[in-house]
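Trainee:
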Amino acid sequence: MKYYPTIGIECHVQLSTKTKLFSEVDNDARGKEPNSCVSPVCYALPGMLPRLNGEAIKYAIRAGRAMNCEINAQSRFDRKHYFYPDSPKGYQITQFYHPIIGAGYVELPSGTKIRIEHAHLEGDAGKLTHFDNYSLVDLNRVDTPLIEIVSMPDIHSAKDAHDYCKELWRLMRYAKVTYGDLYNGNMRFDVNVSLAPEGSDKLGTRAEVKNLNSFRSVERAVEYEIARQTKILEAGEKVVQETRGWSDATGKTTGQRSKEEAKDYRYMPEPDLPPINLSRQFINDESAKLSMMPSDYREKFGQTIPTDILEILLDYPELMETMNGIDEKHVTMIANLFTSVLLAEEKSAEYLNDLPDTKKLNDLAEMNEKKELSSTATKEVFLSLFDPQMKGRDTKTIAKELGLIQENDLGALEAIVDAVLKKPETKKAQDDFRNGEEKVIGFLVGQVMKESKGKANPSAVQQILRDKLK
Amino acid sequence: MEVNCETIKHLAQLSNFSMSDKQAEKLTGDLKNIINYISELDKLDTDGIEPTYQVFEMENVWRDDEILPQDADREQLLALTKEEKDHQIKVPKVL
Chain P
56 MKYYPTIGIE
66 CHVQLSTKTK
76 LFSEVDNDAR
86 GKEPNSCVSP
96 VCYALPGMLP
106 RLNGEAIKYA
116 IRAGRAMNCE
126 INAQSRFDRK
136 HYFYPDSPKG
146 YQITQFYHPI
156 IGAGYVELPS
166 GTKIRIEHAH
176 LEGDAGKLTH
186 FDNYSLVDLN
196 RVDTPLIEIV
206 SMPDIHSAKD
216 AHDYCKELWR
226 LMRYAKVTYG
236 DLYNGNMRFD
246 VNVSLAPEGS
256 DKLGTRAEVK
266 NLNSFRSVER
276 AVEYEIARQT
286 KILEAGEKVV
296 QETRGWSDAT
306 GKTTGQRSKE
316 EAKDYRYMPE
326 PDLPPINLSR
336 QFINDESAKL
346 SMMPSDYREK
356 FGQTIPTDIL
366 EILLDYPELM
376 ETMNGIDEKH
386 VTMIANLFTS
396 VLLAEEKSAE
406 YLNDLPDTKK
416 LNDLAEMNEK
426 KELSSTATKE
436 VFLSLFDPQM
446 KGRDTKTIAK
456 ELGLIQENDL
466 GALEAIVDAV
476 LKKPETKKAQ
486 DDFRNGEEKV
496 IGFLVGQVMK
506 ESKGKANPSA
516 VQQILRDKLK
Chain Y
25 MEVNCETIKH
35 LAQLSNFSMS
45 DKQAEKLTGD
55 LKNIINYISE
65 LDKLDTDGIE
75 PTYQVFEMEN
85 VWRDDEILPQ
95 DADREQLLAL
105 TKEEKDHQIK
115 VPKVL
């Protein structure tokens, strides 16, 4: 029997607001000491009151709109109770009954649409580090604002699972709501996988793989689960509904024994936080701050930039924004320079923080088109545009300083050609060419290039030589 | 709602409380009485009435996204924990 996989994904996105969701304490704990970004609210001291960060609401609106979701005017917070040392409150403040973000969809590069069930705001938990006979708790991450995005079970392959997670990552960065640093857990994925006989209208029993933090591990975990569950079903056995952990090292998921009671969260409305009731105007104002999304760029550049190059560029919102200012006739060339030169550069991450303005890039493309710069020289000048020491200078000045401008002035070129033809060592080559030995033209062009210190435009030189040797 | 010793023990376990059978029995009786008392409300017809989430009728209470000094610093907060190590809170091994 053939089995058809169905996959649903929950994604947690850490928001990059300045302060935490429920107190005015630093939300950016990168490179900071453990427990240095904490407040009495994070510690859940008796009498503490959570104070909602209004910016997180705005971030949620942008994130929701980036996924084509309805924004719910009315939303509320609830308490989700569980006992674990990563949460001094003994509960997580989340939005269980009335989430701020309603239904929507994410369109994958392939055109497949994955529906979003809803997304909600909640506070993150602390971080535990486990040792042999004790664990250490760092509360820096407590109450970092999160958006949990819940997809509909619309995903049916490991590749689509990968593409969906990657597209979410892009959307959240284009919406400017997260640093999107996967390595540091800014986005984490929980993946539900179930298998049903092909053609069946009922879903099979699902297993959930928790806490994946790369697109690749999402893809591999789904592949593994499909294979594991197929084997179980083919043997006539039953898949157990459970939470499983993934190991990148072994490439396997393993069952995590969890107590049955763990699912009993005893949700209740959060009495310390009044409900949110947003006006249409407030929602519209925030939505209007969204700039172009990946799908808009695909529409705009789909005909000019080859798909594989465009999909690489789309990982870098800052590059796409720059592409918007490139003259249409130069778009392909600049896109190529970005992917094949800039991104291949060791310092590319640094360079991406401070891109040259579009005029300099347009000038560069223009010079290349006019053959003032060879293709090698174009790449060199292009990289120099990112060099902090070259910053204040325009493209032409940089090209001149590097001595890379090609000699196109026909008069000047002719003079150089004449000088070369007068040299006795070129005499034989000239005779050979006149006698029909076509390939010696290369030698002569080379001599002229040498004489011009590489600045002559080779095709112009060849034309002049041919005219003169007739 | 049925309240028995099992319910109480289940709740205690969820909250990581240790509880003797005797304590559980006493609490079962107390809680039964309380729920019985509140159950009077079940006689009212609440169909079509919006649940009361809070009684102050406030909404949209939020603050600006600006870092402010807190009432307690790291050392003061860590001093409240039973045991600390490397500026972290030391707890019995979990997992």
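Just so you know, the protein sequences line up as chains P and Y, in that order.
FYI, the numbering for the first sequence is 56 to 525, going by this note's numbering.
FYI, the numbering for the second sequence is 25 to 119, going by this note's numbering.
For glycine and all other residues, C-beta sits at the position ideal for the given N, C-alpha and C.
1) Does the beta carbon of Ala-96(Y) come closer than 8 Å to any beta carbon on chain P?
2) Using a Cβ-Cβ cut-off of 8 Å (strictly less than) and excluding sequence neighbours within five positions of Glu-315(P), which residues of its own chain qualify?
3) I need the DSSP call for Asp-81(P), collapsed to helix, strand or coil.
4) Considering only residues of the segment 408-463 of chain P, which uninterrupted alpha helix (DSSP H) runs meet the minimum length of 4 residues and lie entirely inside it, listed in chain order?
5) If the cut is a Cβ gap below 8 Å, which residues of chain P does Ile-91(Y) touch?
6) Give the range of the beta strand (DSSP E) segment to which Leu-163(P) is assigned.
7) Residues of chain P with a CB under 9 Å from the CB of Leu-51(Y): which are they?
8) Using only CA atoms, which one of Asp-193(P), Asn-123(P), Ser-78(P) and Ala-174(P) lies nearest to Glu-88(P)?
9) The alpha helix (DSSP H) with Arg-117(P) in it runs from where to where?
10) Do we get a CB-CB distance below 8 Å when we pair Pro-329(P) with the residues of chain Y?
11) Starting from the N-terminal side, write out each stretch of the beta strand (DSSP E) that is 3 residues or longer and does not extend beyond the segment 191-221 of chain P.
12) Could you tell me which of Pro-411(P), Thr-362(P) and Ile-287(P) sits nearest to Asn-391(P), measuring between CA atoms?
13) Pop quiz: Gly-178(P) and Gln-147(P) are said to be a contact at Cβ under 8 Å. What is the actual Cβ separation, rounded to whole angstroms?
14) The beta strand (DSSP E) with His-67(P) in it runs from where to where?
15) Could you run through the segment 94-111 of chain P and flag, in chain order, every residue whose CB is less than 9 Å away from some CB of chain Y?
16) For Ser-272(P), which residues in the same chain have their Cβ closer than 8 Å to its Cβ, ignoring the five residues on either side in sequence?
17) So the beta strand (DSSP E) Val-277(P) belongs to, where does it begin and stop?
18) CB Ala-251(P) to CB Val-294(P), shorter than 8 Å?
19) Give, in chain order, every residue of the segment 178-196 of chain P whose Cβ lies closer than 8 Å to some Cβ of chain Y.
20) Please classify Asn-339(P) as buried or exposed, where buried requires at least 16 neighbouring CB atoms within 10 angstroms.
21) At the level of alpha carbons, what is the spacing between Pro-143(P) and Val-197(P)?
22) Please go through the segment 322-360 of chain P and give each complete alpha helix (DSSP H) segment of 4 or more residues, from N-terminal end onward.
23) In or out: Ile-62(Y) buried (at least 16 other Cβ within 10 Å) or exposed?
24) Excluding the 5 residues flanking Ile-116(P) on each side, which residues of the same chain have their C-beta closer than 7 Å to its C-beta?
25) In the structure shown, what three-state DSSP assignment does Gln-406(P) receive?
26) Grab me the residues of Gln-112(Y)'s own chain with a C-beta within less than 6 Å of its C-beta, minus the 5 sequence neighbours each way, in chain order.
27) Looking only at its chain, what residues have a beta carbon closer than 7 Å to the beta carbon of Thr-481(P), apart from the 5 residues adjacent to it on each side?
28) For Ala-282(P), count the other beta carbons within 10 Å of its own beta carbon; 16 or more makes it buried, fewer makes it exposed. Which is it?
29) Would you kindly report the start and end of the unbroken beta strand (DSSP E) that includes Gln-147(P)?
30) In chain Y, which residues lie with their C-beta within 7 Å of the C-beta of Ser-91(P)?
31) Which runs of the alpha helix (DSSP H) fall wholly inside the segment 38-69 of chain Y and span at least 4 residues, in chain order?
32) Along the segment 132-146 of chain P, where does the CB come closer than 8 Å to a CB of chain Y? Name the residues.
33) Hey, Thr-433(P) and Asn-423(P): beta-carbon distance below 8 Å or not?
34) Here's the rule: buried if 16 or more other CB atoms are within 10 angstroms of the residue's CB, otherwise exposed. What is Met-82(Y)?
35) Out of Met-504(P), Ile-204(P), Leu-104(P) and Lys-135(P), which has the shortest C-alpha to C-alpha gap to Gly-63(P)?
Mentor: Put simply:
1) Sequence index remark: in the second sequence, residue 96(Y) carries index 72 (1-based). Yes, Ala-96(Y) lies at the interface with chain P (some Cβ there is under 8 Å from its Cβ).
2) For the purposes of this step, residue 315(P) is identified with residue 260 of the first sequence, where counting begins at 1. Model confidence at Glu-315(P) stands at a pLDDT of 49, short of 50, so the residue's coordinates are unreliable; what they give is reported in the following sentence. Same-chain partners within the cutoff: there are none.
3) Residue 81(P) sits at position 26 when you count from the first residue of the first sequence. Taken through DSSP and simplified to helix, strand or coil, Asp-81(P) comes out as strand.
4) You should have 413-424, 430-439 and 450-456.
5) Position 67 of the second sequence, counting from 1, holds the residue named residue 91(Y). Near Ile-91(Y) (Cβ distances below 8 Å), the residues of chain P are Lys-73, Thr-74, Glu-79, Val-80 and Asp-81.
6) Translated into the one-based positions of the first sequence, residue 163(P) becomes position 108. Counting along the chain, Leu-163(P) falls outside any beta strand (DSSP E), and DSSP gives it neither H nor E.
7) Numbered from its first residue, the second sequence carries residue 51(Y) at position 27. Against chain P, the beta carbon of Leu-51(Y) has no neighbour under 9 Å; the closest one sits roughly 16 Å away.
8) Residue mapping note: residue 88(P) aligns to position 33 of the first sequence, counting from 1. Residue nearest to Glu-88(P) within the set Asp-193(P), Asn-123(P), Ser-78(P) and Ala-174(P) is Asp-193(P) (criterion: CA-CA distance).
9) Walking along the first sequence from the start, residue 117(P) turns up at place 62. Start and end: 109-121.
10) Taking the first residue of the first sequence as 1, we reach residue 329(P) at position 274. Cβ-Cβ to chain Y under 8 Å: yes for Pro-329(P).
11) Within the segment 191-221 of chain P, the complete beta strand (DSSP E) runs of at least 3 residues are 200-206.
12) For the purposes of this step, residue 391(P) is taken as residue 336 along the first sequence, with counting starting at 1. For the options Pro-411(P), Thr-362(P) and Ile-287(P), the alpha carbon positioned closest to that of Asn-391(P) is the one of Thr-362(P).
13) As a first step, residue 178(P) must be located in the first sequence, where it is residue number 123. As a first step, residue 147(P) must be located in the first sequence, where it is residue number 92. Rounded to whole angstroms, the Cβ separation of Gly-178(P) and Gln-147(P) is 6 Å, and the two are in contact under 8 Å.
14) In the first sequence, residue 67(P) corresponds to position 12, counting from 1. Taken as a continuous stretch (DSSP letters only), the beta strand (DSSP E) holding His-67(P) covers 58-69.
15) In summary, the residues of the segment 94-111 of chain P whose CB is separated from some CB of chain Y by less than 9 Å are Ser-94, Pro-95, Val-96, Cys-97, Tyr-98, Leu-100, Arg-106, Leu-107, Asn-108, Gly-109, Glu-110 and Ala-111, in the order they occur in the chain.
16) Here the question's residue 272(P) lines up with position 217 in the first sequence. Its chain contains Trp-301 and Asp-303 as the residues whose beta carbon lies nearer than 8 Å to that of Ser-272(P), once the 5 sequence neighbours on both sides are disregarded; these appear in chain order.
17) To locate residue 277(P), count along the first sequence from 1; it is residue 222. Counted as a single uninterrupted DSSP element, the stretch harbouring Val-277(P) is not any beta strand (DSSP E) but the alpha helix (DSSP H) occupying residues 270-289.
18) For the purposes of this step, residue 251(P) is taken as the residue at position 196 of the first sequence. For the purposes of this step, residue 294(P) is taken as the residue at position 239 of the first sequence. Against a cut-off of 8 Å, the Cβ pair of Val-294(P) and Ala-251(P) comes out as no contact.
19) Answer set for the segment 178-196 of chain P: Leu-183, Thr-184, His-185, Phe-186, Asp-187, Asn-188, Tyr-189, Ser-190, Leu-191, Val-192, Asp-193 and Leu-194.
20) Your numbering for residue 339(P) matches position 284 in the first sequence. Its Cβ having fewer than 16 others within 10 Å, Asn-339(P) is exposed.
21) Numbered from its first residue, the first sequence carries residue 143(P) at position 88. Numbered from its first residue, the first sequence carries residue 197(P) at position 142. Approximately 9 Å, taken between the alpha carbons.
22) Along the length of the segment 322-360 of chain P, whole alpha helix (DSSP H) runs at least 4 residues long occupy 335-342 and 349-356, reported in chain order.
23) Along the second sequence, read from residue 1 onward, the residue named residue 62(Y) stands at position 38. With fewer than 16 other Cβ atoms within 10 Å, it is exposed.
24) Position 61 of the first sequence, counted from the start, is the residue given in the question as residue 116(P). Cβ neighbours of Ile-116(P) beyond the five flanking positions: Ile-126, Ile-338, Glu-341 and Ser-342.
25) Translated into the one-based positions of the first sequence, residue 406(P) becomes position 351. Per the sequence shown, the amino acid found at residue 406(P) is Tyr instead of Gln. In the structure shown, Tyr-406(P) sits in a helix (DSSP, three-state: H, G or I).
26) As a working mapping, residue 112(Y) is identified with position 88 in the second sequence. So the list is empty, once near-sequence residues are dropped.
27) As a working note, residue 481(P) is residue 426 in the first sequence. Answer for Thr-481(P): Val-475, Leu-499 and Gln-502, listed in chain order.
28) Here residue 282(P) is taken as the residue at index 227 of the first sequence, counted from 1. Here Ala-282(P) is exposed: its Cβ has fewer than 16 other Cβ atoms, across all protein chains shown, within 10 Å.
29) Numbered from 1 along the first sequence, position 92 holds the residue referred to as residue 147(P). Residues 146-149.
30) The residue labelled residue 91(P) in the question sits at position 36 within the first sequence. By Cβ distance, chain Y contributes Arg-98.
31) For the segment 38-69 of chain Y, whole alpha helix (DSSP H) runs of length 4 or above, ordered along the chain, are 45-62.
32) If the cut-off is 8 Å between Cβ atoms, the segment 132-146 of chain P has His-136, Tyr-137, Phe-138, Tyr-139, Pro-140 and Gly-145 near chain Y.
33) In the first sequence, counting from the first residue as 1, residue 433(P) sits at position 378. In the first sequence, counting from the first residue as 1, residue 423(P) sits at position 368. Yes. Within cutoff.
34) As a working note, residue 82(Y) is residue 58 in the second sequence. So Met-82(Y) ends up on the exposed side.
35) What you label residue 63(P) is simply residue 8 of the first sequence in a count that begins at 1. Gly-63(P) has its Cα closest to that of Ile-204(P), out of Met-504(P), Ile-204(P), Leu-104(P) and Lys-135(P).
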